[in-house]
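Written below as structure tokens is the structure these notes are about.
Protein chains: 2
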Amino acid sequence: MCVKALEKIGVDKENAEIVADCLVKADLYGISSHGVARLPTYVERAKRGLIELHPEIRVIRENSSIAVLDGGNGFGQVVGVKAMDLAVEKARRTGIGAVSVYNSNHFGIAAYYSIRALKHSMIGIAMSNTAPAMAPWGGAKSILGTNPISFAIPSSHQPIILDMATSKVARGKIRIALEKGEKIPEGWAIDELGLPTTDPAKAMKGCLLPIEGPKGSGLSLVVDILSGVLSGGSFGRDVGSTEDFSRPTRISHFMIAINISNFIPLEYFMTRIDKLITEIKNCPRAPNIERIYLPGEIELEEEKRRLKEGIPIDDNTFNKLLNLL
Amino acid sequence: MCVKALEKIGVDKENAEIVADCLVKADLYGISSHGVARLPTYVERAKRGLIELHPEIRVIRENSSIAVLDGGNGFGQVVGVKAMDLAVEKARRTGIGAVSVYNSNHFGIAAYYSIRALKHSMIGIAMSNTAPAMAPWGGAKSILGTNPISFAIPSSHQPIILDMATSKVARGKIRIALEKGEKIPEGWAIDELGLPTTDPAKAMKGCLLPIEGPKGSGLSLVVDILSGVLSGGSFGRDVGSTEDFSRPTRISHFMIAINISNFIPLEYFMTRIDKLITEIKNCPRAPNIERIYLPGEIELEEEKRRLKEGIPIDDNTFNKLLNLL
Numbered sequence: 000m001c002v003k004a005l006e007k008i009g010v011d012k013e014n015a016e017i018v019a020d021c022l023v024k025a026d027l028y029g030i031s032s033h034g035v036a037r038l039p040t041y042v043e044r045a046k047r048g049l050i051e052l053h054p055e056i057r058v059i060r061e062n063s064s065i066a067v068l069d070g071g072n073g074f075g076q077v078v079g080v081k082a083m084d085l086a087v088e089k090a091r092r093t094g095i096g097a098v099s100v101y102n103s104n105h106f107g108i109a110a111y112y113s114i115r116a117l118k119h120s121m122i123g124i125a126m127s128n129t130a131p132a133m134a135p136w137g138g139a140k141s142i143l144g145t146n147p148i149s150f151a152i153p154s155s156h157q158p159i160i161l162d163m164a165t166s167k168v169a170r171g172k173i174r175i176a177l178e179k180g181e182k183i184p185e186g187w188a189i190d191e192l193g194l195p196t197t198d199p200a201k202a203m204k205g206c207l208l209p210i211e212g213p214k215g216s217g218l219s220l221v222v223d224i225l226s227g228v229l230s231g232g233s234f235g236r237d238v239g240s241t242e243d244f245s246r247p248t249r250i251s252h253f254m255i256a257i258n259i260s261n262f263i264p265l266e267y268f269m270t271r272i273d274k275l276i277t278e279i280k281n282c283p284r285a286p287n288i289e290r291i292y293l294p295g296e297i298e299l300e301e302e303k304r305r306l307k308e309g310i311p312i313d314d315n316t317f318n319k320l321l322n323l324l
Numbered sequence: 000m001c002v003k004a005l006e007k008i009g010v011d012k013e014n015a016e017i018v019a020d021c022l023v024k025a026d027l028y029g030i031s032s033h034g035v036a037r038l039p040t041y042v043e044r045a046k047r048g049l050i051e052l053h054p055e056i057r058v059i060r061e062n063s064s065i066a067v068l069d070g071g072n073g074f075g076q077v078v079g080v081k082a083m084d085l086a087v088e089k090a091r092r093t094g095i096g097a098v099s100v101y102n103s104n105h106f107g108i109a110a111y112y113s114i115r116a117l118k119h120s121m122i123g124i125a126m127s128n129t130a131p132a133m134a135p136w137g138g139a140k141s142i143l144g145t146n147p148i149s150f151a152i153p154s155s156h157q158p159i160i161l162d163m164a165t166s167k168v169a170r171g172k173i174r175i176a177l178e179k180g181e182k183i184p185e186g187w188a189i190d191e192l193g194l195p196t197t198d199p200a201k202a203m204k205g206c207l208l209p210i211e212g213p214k215g216s217g218l219s220l221v222v223d224i225l226s227g228v229l230s231g232g233s234f235g236r237d238v239g240s241t242e243d244f245s246r247p248t249r250i251s252h253f254m255i256a257i258n259i260s261n262f263i264p265l266e267y268f269m270t271r272i273d274k275l276i277t278e279i280k281n282c283p284r285a286p287n288i289e290r291i292y293l294p295g296e297i298e299l300e301e302e303k304r305r306l307k308e309g310i311p312i313d314d315n316t317f318n319k320l321l322n323l324l
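From first to last, the protein sequence lines are chains P and F. Oh and the first sequence: position 276 is 275 in numbering that gives the first Met the number 0, straight run, nothing missing. Oh and the second sequence: position 254 is 253 in numbering that gives the first Met the number 0, straight run, nothing missing.
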């Protein structure tokens, strides 16, 4: 359905499949906030000319281990995949590759790019700036995005996949509380004046808060610098929201691939990672904790389940998708 | 005093100066937990043969952009400086350099290494595993360290320096609460059974908690993998404590240097960073916030003040240092 909807507006099959695969992957992982529910907005933006259907993605600067990519204002997924694949190619030759990307768009879940390194027996790191939604620590106005960071690390069994926003929660969680008429916990957000709030309506007009105060604020800033500042793209308040139909988003990304076998024989790495995973899985549990999960483990299990049982989609989202066909 | 104390036990002047400079830098920054107060333990470990005075630091594997270093069980500062300098050298030629290090020791503040990249107009990233002090999320036993990560980014005026433990607080803060007979806030630590505690005595026997639950736990794990697992060194429960005099610590580090001018002309980068800094500094403030600080700004101001006014050192620490001479 997603591929068809994208082909209908003129996206090449190959690129439509990349965007669709990324969105469906998020739904398989159980992260519906970044799944197919995003497609209607993507399509609307493309129809209005805010996303290029046939982007010219160009290497602007290059060296043996790094590159700067102009995303040509293409779909974030199409640009992001090119960027990570280029980082992997460079890492294969020199041990590590890094690609900073400007002029892109919302790229879905950051893990979609970090996990691309896994099949090459590499460690993948992916990050992106996003529209301002978070105040810097001490501030009362959104300057930084929820700027996610993802790490993917291979093991013999299943990979370790960390994918985290640098904000305490995603805006989506506050929107859900608003729709349900529920309060939000203190610490998630501040209102327009910068005061802590538990009212989701006030929080939606205010700012998200970073994880652990200055630490999350600092991490978000670093992501913005490696993505937006270093690439020559948009950063800070200049990054556009996917819901602002007056302008392109000009989102920036940063990708790193680390070629494990340049550091240590791959089998030895796997033995060691497996040992560390076993240590963690066998850790005595805190009271009322049934199981200790590795980063990404819940998502990978959900993926297995949903590949068998299907992805639950609410009627509203499903009807919106039908309307795109 | 620190250099003399180290020379007295046989450390070369050059290496003694590196260790001393790192410890004093921490004190200048106001981070006394990682300052000269650490020297008596360092000296004691060296005297017992747990740290090599004349380490053979060797490149074990190498490629144009990466290296694995055997730290020869030298002082973490001596090894860490070598590692970051090698990463910088590689980044100068290829755009990015990464060095994973095993068989090292406590290296002081992570920022000491990330800031070394600044004078080369590079972005520095430094991290290290540390002795188990934190339970993985959901666990009740220490497997992961407080595993710090530091980023240093140049600007026209003063650099952005983020240096953060992946635990909510350092163990030192709990020790201080214990000495003062104060309670600790909930969320800092759990007791031996894995239950939340506000009693510093119980916390010292239990585990620290990660920042933001699964996020900090995941970040700490990633640091351990990039440092310990990827280098072929110690990781997880196998990393030794500086206070355990029965064995070497076998700490591992990971350093990255990113050569800005390979991505974007340096002056343009500086203009852009300055703009982002201005945006943040001019952000409307939350109520009762006098000023918005950038990562590292408090430390850099403290450094200026202490360079003029001196470093306050408590009598106990000072006497211990005198005893080393």
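Don't be surprised by glycine CBs; every beta carbon is placed ideally from N, CA and C. Bear in mind that the values here come from a model prediction, so they are computed numbers and not experimental data.
Residue 257/P - DSSP class collapsed to helix/strand/coil: When DSSP states are grouped into helix, strand and coil, residue 257/P belongs to the strand group.
Assigned secondary structure, residue 164/P (DSSP; H/G/I helix, E/B strand, else coil): It is coil, neither helix nor strand.
Proximal residues, the region 58 to 69 of chain P versus chain F, C-beta separation under 7 Å: Residues passing the 7 Å Cβ filter: 60, 62, 63, 64, 65, 67.
The region 245 to 257 of chain F contacting the region 169 to 178 of chain P, beta-carbon criterion three pairs below 8 Å: The way I'd put it, the region 245 to 257 of chain F doesn't touch the region 169 to 178 of chain P; fewer than three beta-carbon pairs between them come closer than 8 Å.
Reference residue 154/P, options 290/F, 229/F, 243/F, closest by Cα: Residue nearest to residue 154/P within the set 290/F, 229/F, 243/F is 229/F (criterion: CA-CA distance).
Simplified DSSP assignment, three categories, for residue 252/P: DSSP places residue 252/P in the strand class (E or B) of the three-state scheme.
Members of the region 89 to 103 of chain P near chain F, C-beta cut-off 9 Å: Answer set for the region 89 to 103 of chain P: 89, 90, 92, 93, 94, 95, 96, 97, 99.
Burial state of residue 47/F, where buried means 16 or more other Cβ atoms lie within 10 Å: Exposed, by the Cβ-count rule.
Residue 14/F, DSSP secondary structure in three states: Look at residue 14/F here: in three-state DSSP terms it is helix.
Inter-stretch contact at 8 Å, needing at least 3 Cβ pairs: the region 161 to 171 of chain F / the region 209 to 227 of chain F: For the pair of segments examined, the region 161 to 171 of chain F was found to touch the region 209 to 227 of chain F: the number of CB pairs separated by less than 8 Å reaches three.
Beta carbon of residue 256/P nearer than 9 Å to that of residue 126/P: Result no, Cβ atoms of residue 256/P and residue 126/P do not sit closer than 9 Å.
Nearest-angstrom Cβ-Cβ length linking residue 275/F and residue 38/F, presumed shorter than 8 Å: The beta-carbon distance between residue 275/F and residue 38/F, rounded to whole angstroms, is 38 Å. This is too long to meet the 8 Å contact definition.
Straight-line Cα distance separating residue 87/F from residue 94/P: Rounded to the nearest angstrom, the two C-alpha atoms are 15 Å apart.
Within 9 Å, strictly: CB atoms of residue 144/P and residue 158/P: Contact: no.
Residues that residue 130/P contacts on chain F, provided the C-beta gap is smaller than 7 Å: None at all; the shortest Cβ gap to chain F is about 14 Å.
Contact list for residue 108/F against chain P, beta-carbon separation under 9 Å: Neighbours of residue 108/F on chain P: none; closest Cβ ~15 Å, over 9 Å.
Other residues of its chain near residue 50/P: CB distance less than 8 Å, five sequence neighbours each side excluded: These residues qualify, in order along the chain: 41, 44, 72, 73, 74, 104, 247.
Assumed close pair residue 310/F, residue 291/F - CB separation to whole angstroms, cut-off 8 Å: Cβ atoms of residue 310/F and residue 291/F stay farther apart than 8 Å, at about 27 Å.
Residue 8/F versus residue 120/P: straight-line alpha-carbon distance, rounded: Looking at the two C-alpha atoms, the distance is approximately 45 Å.
Alpha helix (DSSP H) segment containing residue 306/P, residue limits: Its alpha helix (DSSP H) spans residues 296 to 308.
Segment contact flag, the region 96 to 110 of chain F with the region 184 to 199 of chain P, C-beta cutoff 8 Å, min 3 pairs: Judged by Cβ distances under 8 Å, the region 96 to 110 of chain F makes no contact with the region 184 to 199 of chain P, as fewer than three pairs qualify.
Own chain partners of residue 170/F with C-beta closer than 8 Å, once the 5 adjacent residues on each side are dropped: So the list reads 132, 145, 203, 207, once near-sequence residues are dropped.
Helix, strand or coil at residue 20/P [DSSP, three-state]: Reduced to three states, the DSSP call for residue 20/P is helix.
Three-way DSSP call (helix, strand, coil) for residue 318/P in this model: If DSSP states are grouped into helix, strand and coil, residue 318/P belongs with the helices.
Extent of the continuous beta strand (DSSP E) to which residue 59/P belongs: Taken as a continuous stretch (DSSP letters only), the beta strand (DSSP E) holding residue 59/P covers 57 to 61.
Neighbour-count burial assignment, residue 281/P, 16 or more Cβ in a 10 Å radius: With fewer than 16 other Cβ atoms within 10 Å, it is exposed.
Neighbourhood of residue 30/F by C-beta distance below 8 Å, restricted to the same chain and skipping five residues each side: If we look at residue 30/F and ignore the five residues flanking it on each side, its Cβ neighbours are 108, 298.
CB contact check: residue 278/F to chain P, cutoff 9 Å: Any Cβ of chain P closer than 9 Å to the Cβ of residue 278/F would place that residue at the interface, and such an atom is present.
DSSP-derived helix/strand/coil call for residue 346/P: Only positions 0 to 324 of chain P appear in the structure, and residue 346/P is not among them; the question remains open.
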